[in-house]
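**Q** Next up is a structure, given as structure tokens.
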Amino acid sequence: MSKWLKSDLILRIISVGLAIMVWAAVTNPDLSFTSEGPSLLVSNVKIEPIYNEDTQEVAKITPSEVALELYGSNATLQDHNINYTAYVDVKQLSAGTHRNVKVKVKNLPFGVNYVVSPSSVDVTIEKRVQKEIAVDIHLLGSVAEGFKVNEPILSPERAIVRGAGSTLEQLKTVQAVVDISDAKTKISKQVKLQAYGDSGPIANVEIDPEVVQVEVPITSPDKKVPIQIEVDKQPPPGFAVESIDTDIKEVTVFGPQTYLDSLQYYLGPKLDLSSVTKDKTIQLDIDTQPEAIKVEPQNIEIYVKMVRAEQKNMNDIPLQLTGIGEGLSAEIQKPKREKVDITLSGAPALLKQISSSDMKAVVDLSNLPEGKHQIPIVFKLPPYLKVLNEKSYKATVEIKS
Numbered sequence: 003m004s005k006w007l008k009s010d011l012i013l014r015i016i017s018v019g020l021a022i023m024v025w026a027a028v029t030n031p032d033l034s035f036t037s038e039g040p041s042l043l044v045s046n047v048k049i050e051p052i053y054n055e056d057t058q059e060v061a062k063i064t065p066s067e068v069a070l071e072l073y074g075s076n077a078t079l080q081d082h083n084i085n086y087t088a089y090v091d092v093k094q095l096s097a098g099t100h101r102n103v104k105v106k107v108k109n110l111p112f113g114v115n116y117v118v119s120p121s122s123v124d125v126t127i128e129k130r131v132q133k134e135i136a137v138d139i140h141l142l143g144s145v146a147e148g149f150k151v152n153e154p155i156l157s158p159e160r161a162i163v164r165g166a167g168s169t170l171e172q173l174k175t176v177q178a179v180v181d182i183s184d185a186k187t188k189i190s191k192q193v194k195l196q197a198y199g200d201s202g203p204i205a206n207v208e209i210d211p212e213v214v215q216v217e218v219p220i221t222s223p224d225k226k227v228p229i230q231i232e233v234d235k236q237p238p239p240g241f242a243v244e245s246i247d248t249d250i251k252e253v254t255v256f257g258p259q260t261y262l263d264s265l266q267y268y269l270g271p272k273l274d275l276s277s278v279t280k281d282k283t284i285q286l287d288i289d290t291q292p293e294a295i296k297v298e299p300q301n302i303e304i305y306v307k308m309v310r311a312e313q314k315n316m317n318d319i320p321l322q323l324t325g326i327g328e329g330l331s332a333e334i335q336k337p338k339r340e341k342v343d344i345t346l347s348g349a350p351a352l353l354k355q356i357s358s359s360d361m362k363a364v365v366d367l368s369n370l371p372e373g374k375h376q377i378p379i380v381f382k383l384p385p386y387l388k389v390l391n392e393k394s395y396k397a398t399v400e401i402k403s
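Residue numbers (this note's numbering): 3 to 403.
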């Protein structure tokens, strides 16, 4: 016997065998383990299934949670970073309900052992199937008043849903939900898809693709109106505008219906002619007014014909009083004749055509109390004409009860 124990070969075999036994005792979770040393009890540990995701779906694990009693050193058990996973491996199991599938634990630190309770669970496995279905768009809310939703556009229009056969039997629709509340312009965004059945959202399914690109066209009412070009800054002294022509006469204005109902014309770009002394073609953008959503087209070409200015005297233009308050009367005290003489400046062709009936001299009394007031006279003239020294014309008016 002593000679047998002294044999190097026998000792090596015994050593290897002991090493294998120690390694198996530490790493094999199937081996039973008991200990009277330090322990840590962990409740409600969720069981994770390991399965073939291409062909299997784990429909149910009963119970779905277990309790773990961990054994090891105090230092290891008190480590808050200790990780572990309770799992069942069902890759080799067929579809159906399997009883007493052993629960195992992985990712424990070296030297930590465990007892799991219950040690086995029931697992129901279903065959993984897929279904192709058209994606529906569900619009939440309403667009702003007066605006209209056109047919939404989806990309892609269909999705593939994968999951357990019993789950896909409940599938009724796959939806992309878009909130259009108070929207005034086109909505374009990526939206995550959700599967629904008769009872509401369906979980535990895979949708391919997960998100789709959705475009919801939203249009407003529109109206075609003439475009009006105004001169903001007049030509230099001695020059005048004879005519202004444009490559477009009308624009299409988009906006709320209440705004469009009152719209008679659209105010286009204001011209700065302060340095223009000869004919000129100007290209400008058409700005979107605050009340409008957009205007088409968005630019305009303007042709300005310039000439040397001439002057023309216009006499006995009657003054008109406006804005007299309720219960009040007004009397023009100056000028005595209640008429005014003016000198016009402008293009010869325009001056030749104008008469006294084409102009107004207005005195605005709005919001004025009783008493005497000196008020500027405002002249309303045909386009491109101006009154020389206009600011010097004033009227004295007495307001009485």
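Yeah, the Cβ is synthetic: ideal placement off N, Cα and C, and Gly gets one too. Fair warning: this is a prediction, and the values are worked out from it, not measured in the lab.
1) In angstroms with no decimal places, state the Cα-to-Cα distance between Gly325 and Asp366.
2) Name the DSSP beta bridge partners of Lys194, please?
3) Spell out a yes or no on whether the region 366-386 and the region 325-338 are touching, meaning 3 or more CB-CB pairs, one atom from each, closer than 8 Å.
4) Find out if the Cβ-Cβ distance for the pair Glu159, Ala136 is shorter than 8 Å.
5) Could you tell me the alpha carbon to alpha carbon distance between Thr99 and Asp184, rounded to whole angstroms?
6) Where DSSP assigns a beta bridge to Gln285, which residues make up the other side?
7) Going by DSSP, what residue range makes up the beta strand (DSSP E) through Asn115?
8) Quick test of your reading: Ser347 and Lys307, contact by CB under 8 Å. State the CB separation rounded to the nearest angstrom.
9) Applying the 10 Å Cβ sphere with the 16-neighbour rule, what's the burial state of Glu474?
10) Using beta-carbon positions only, say whether Lys188 and Glu217 come within less than 8 Å of one another.
11) Among the residues of its own chain, which have a CB less than 7 Å from the CB of Asp247, if the five just before and after it don't count?
12) Sort out for me which residues DSSP pairs Ser122 with in a bridge.
13) Within 10 angstroms of the Cβ of Glu59, are there 16 or more other Cβ atoms? Answer buried if so, exposed if not.
14) How big is the Cα-Cα spacing for Phe35 and Asn109?
15) Just reading off the beta strand (DSSP E) that Pro385 is part of, what are its end residues?
16) Can you determine whether any heavy atom of the ligand NAP sits closer than 7 Å to the C-beta of Glu208, and answer yes or no?
17) In three-state terms, what does DSSP make of Thr260?
18) For my contact list, Lys226 and Phe256 are in at a C-beta cut-off of 8 Å; report their separation, rounded to the angstrom.
19) Just how far apart, CA to CA, sit Ala26 and Ile139?
**A** According to the structure data:
1) As a position in the sequence shown, residue 325 is number 323, starting the count at 1. As a position in the sequence shown, residue 366 is number 364, starting the count at 1. Their backbone Cα atoms lie some 6 Å apart in a straight line.
2) Here residue 194 is taken as the residue at index 192 of the sequence shown, counted from 1. Its beta-bridge partners are Val213.
3) At 8 Å Cβ cutoff, the stretches touch.
4) For this step, residue 159 is matched to residue 157 along the sequence shown. For this step, residue 136 is matched to residue 134 along the sequence shown. Note that the C-beta distance between Glu159 and Ala136 is below 8 Å.
5) What you label residue 99 is simply residue 97 of the sequence shown in a count that begins at 1. What you label residue 184 is simply residue 182 of the sequence shown in a count that begins at 1. Linking Thr99 to Asp184 through their CA atoms gives a straight-line distance of about 52 Å.
6) As a working mapping, residue 285 is identified with position 283 in the sequence shown. Secondary-structure assignment with DSSP links Gln285 through a beta bridge to Glu303.
7) As a first step, residue 115 must be located in the sequence shown, where it is residue number 113. Where Asn115 is concerned, the enclosing beta strand (DSSP E) stretches over 115-119.
8) Reading the sequence shown from its first residue, position 345 is the one you call residue 347. Reading the sequence shown from its first residue, position 305 is the one you call residue 307. Between the beta-carbon of Ser347 and that of Lys307 there is about 16 Å, and that puts the pair past the 8 Å contact cut.
9) Given a span of 3 to 403 for the chain in the structure shown, any question on residue 474 remains unanswerable.
10) Residue mapping note: residue 188 aligns to position 186 of the sequence shown, counting from 1. Residue mapping note: residue 217 aligns to position 215 of the sequence shown, counting from 1. The beta carbons of Lys188 and Glu217 sit closer together than 8 Å.
11) Position 245 of the sequence shown, counting from 1, holds the residue named residue 247. For Asp247, where only same-chain residues beyond five positions count, the Cβ hits under 7 Å are Tyr305.
12) Taking the first residue of the sequence shown as position 1, residue 122 is located at position 120. Answer is Lys104.
13) Position 57 of the sequence shown, counting from 1, holds the residue named residue 59. Burial call: buried.
14) Reading the sequence shown from its first residue, position 33 is the one you call residue 35. Reading the sequence shown from its first residue, position 107 is the one you call residue 109. Unreliable positioning characterises Phe35 in this predicted model, as indicated by a pLDDT of 44, which lies under 50. The coordinate reading is nonetheless provided below. Cα-Cα distance, rounded: 17 Å.
15) Here residue 385 corresponds to residue number 383 of the sequence shown, with the count starting at 1. Counted as a single uninterrupted DSSP element, the stretch harbouring Pro385 is not any beta strand (DSSP E), since DSSP gives it neither H nor E.
16) With respect to the ligand NAP, the structure offers nothing, as it holds no ligand at all.
17) To locate residue 260, count along the sequence shown from 1; it is residue 258. The answer is helix: DSSP assigns Thr260 an H, G or I state.
18) Here residue 226 refers to the residue found at position 224 of the sequence shown. Here residue 256 refers to the residue found at position 254 of the sequence shown. About 11 Å separates the beta carbon of Lys226 from that of Phe256, a gap too long to meet the 8 Å contact definition.
19) As a first step, residue 26 must be located in the sequence shown, where it is residue number 24. As a first step, residue 139 must be located in the sequence shown, where it is residue number 137. Bear in mind that the predicted position of Ala26 carries a pLDDT of just 46, short of 50, making it unreliable; the figure below should be weighed with that in mind. Roughly 57 Å separates the two Cα atoms.
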